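**Q** Encoded as structure tokens, here's the structure I'll be asking about.
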């Protein structure tokens, strides 16, 4: 599968191209120059990457000469919503400083919640891309103060399709990437998102002395909010073990997990990666746990059958307690609560394990 490059790499290339255009025009009366072709940037692992310049121009702001260049984001074969977007960089000279100042413009989000790598109130340009931009610009303009503004036309609209709102980033997309390269369908990208969500949620948990709420997906998230009110819920997808291990490393002591028993029962079976390709169906296990006879295709079918027949064994409340005990036994949290919901978000079982 074809690899792509990150928004951070695109912003770096655009900034370097703009710096080259600006450097070549200083002291010149020519104001209609364009830069074409490719620009080479250095990635964090010291490898080189050549990206095509989409557009470039010189412009004047408050009588000051500036340069703008852009690169089209290419995500390769990864289904990235930012694929094909124009990433722009505007570069100008700053007087009375020797620093490079980077800020976000149109279409770049602003951080509104603590817990991320970027302070609240600043543009969502992650530290690695920011350093890449500074290094690339300094190659061209080795001295003096430099202003760099990164913008993404249409970024505000596309941001609604990303995780930014959940992370407290508003107004646009993020300029991200730790390697500069996009790996198609990267599991690491999903895990990185889970880590970020837990980081943000942890700040709220610490300040409110509350629990961290986790759910595999939207059904569990919505059901937990219906049960507990206006809370932040981290979607952990199938990476149950990964999310719980990271939460433990953060020092979180109280966990609430909500979801369908067909997914969460796999935890009691010993599977902490609940993807269907990495764990068996839980239907047989749940039926046996509840003391039910007969064949069932899904756990949801079991839930519906119990509404007509109470069964001869334990209940979904016992199952929830067993799942909570399995989580606490493996990860050592002080308190674990598990809430089980059917596909209509109705509470089916609830159990807690406390040390």
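In the numbering used here, the protein residues as written are 21 to 375.
Ideal Cβ positions, reconstructed from N, Cα and C, are used throughout, including at glycine.
All values reported here derive from a predicted model rather than from experimental measurement.
Since residue 287 contacts residue 225 with CB under 8 Å, what's their CB separation in whole angstroms?
**A** Wrong, their Cβ atoms sit about 21 Å apart, outside the cutoff.
**Q** I believe residue 93 touches residue 105 by the beta-carbon criterion, under 8 Å. Please report the beta-carbon distance rounded to the nearest angstrom.
**A** Your pair residue 93 and residue 105 checks out as a contact, with CB atoms roughly 5 Å apart and the cut at 8 Å.
**Q** Could you spell out the range, first to last residue, of the alpha helix (DSSP H) harbouring residue 184?
**A** 184 to 187
**Q** Is it buried or exposed for residue 212, if we count other Cβ within 10 angstroms and need 16 for buried?
**A** An exposed status is given to residue 212, since fewer than 16 other beta-carbon atoms sit within 10 Å of its beta-carbon.
**Q** What whole-angstrom Cβ distance do residue 312 and residue 339 have, given they're in contact under 8 Å?
**A** The pair is not a contact, with the Cβ atoms about 12 Å apart (cut-off 8 Å).
**Q** Report the three-state DSSP secondary structure of residue 227 (helix, strand or coil).
**A** helix
**Q** May I have the straight-line CA-CA distance separating residue 115 from residue 107, to the nearest angstrom?
**A** Taking the straight line joining both Cα atoms gives about 26 Å.
**Q** In angstroms with no decimal places, state the Cα-to-Cα distance between residue 145 and residue 170.
**A** Straight across, the Cα-Cα distance linking residue 145 with residue 170 is about 9 Å.
**Q** Could you pull out every residue in the same chain whose Cβ sits closer than 7 Å to the Cβ of residue 135, ignoring the five residues on either side in sequence?
**A** Shown here for residue 135: same chain residues with a beta carbon closer than 7 Å to its own, the five before and five after excluded, namely 219, 220, 222 and 223 in chain order.
**Q** Can you tell me where the beta strand (DSSP E) holding residue 75 begins and where it ends?
**A** Here the beta strand (DSSP E) through residue 75 covers 75 to 81.
**Q** Taking 8 Å as the cut-off, does the region 360 to 375 touch the region 260 to 267 (at least 3 CB pairs, one atom from each stretch)?
**A** no
**Q** Between which two residues does the alpha helix (DSSP H) carrying residue 337 extend?
**A** In this chain, the alpha helix (DSSP H) harbouring residue 337 covers 336 to 351.
**Q** To the nearest angstrom, how far is it from the Cα of residue 110 to the Cα of residue 282?
**A** 51 Å
**Q** Considering only residues of the region 154 to 207, which uninterrupted beta strand (DSSP E) runs meet the minimum length of 3 residues and lie entirely inside it, listed in chain order?
**A** 165 to 171
**Q** What would DSSP say about residue 355, mapped onto helix, strand or coil?
**A** strand
**Q** Going by alpha carbons, who is nearest to residue 269 out of 184, 351, 78 and 81?
**A** 351
**Q** Contact check, residue 9 vs residue 193 under 8 Å by CB: the rounded distance?
**A** This structure cannot speak to residue 9, because the chain is shown only from 21 to 375.
**Q** So the beta strand (DSSP E) residue 368 belongs to, where does it begin and stop?
**A** 367 to 374
**Q** Should the region 82 to 98 be regarded as contacting the region 34 to 43, the criterion being three or more beta carbon pairs within less than 8 Å?
**A** yes
**Q** Look up residue 274 in the DSSP assignment and say whether it is helix, strand or coil.
**A** strand
**Q** In the DSSP output, what is residue 255 paired with across the bridge?
**A** In the DSSP secondary-structure assignment, residue 255 is bridged to 235.
**Q** Looking only at C-alpha atoms, which of 356, 334, 323 and 27 sits nearest to residue 365?
**A** 323
**Q** I think residue 204 touches residue 96, with their Cβ atoms under 8 Å apart; what is that distance to the nearest whole Å?
**A** 6 Å
**Q** Using the three-state DSSP reduction, which class does residue 144 fall into: helix, strand or coil?
**A** Here residue 144 sits in coil by DSSP.
**Q** Contact defined as beta carbons within less than 8 Å: I believe residue 275 pairs with residue 356. What is the distance between those atoms, to the nearest angstrom?
**A** Correct: roughly 5 Å between the Cβ atoms.
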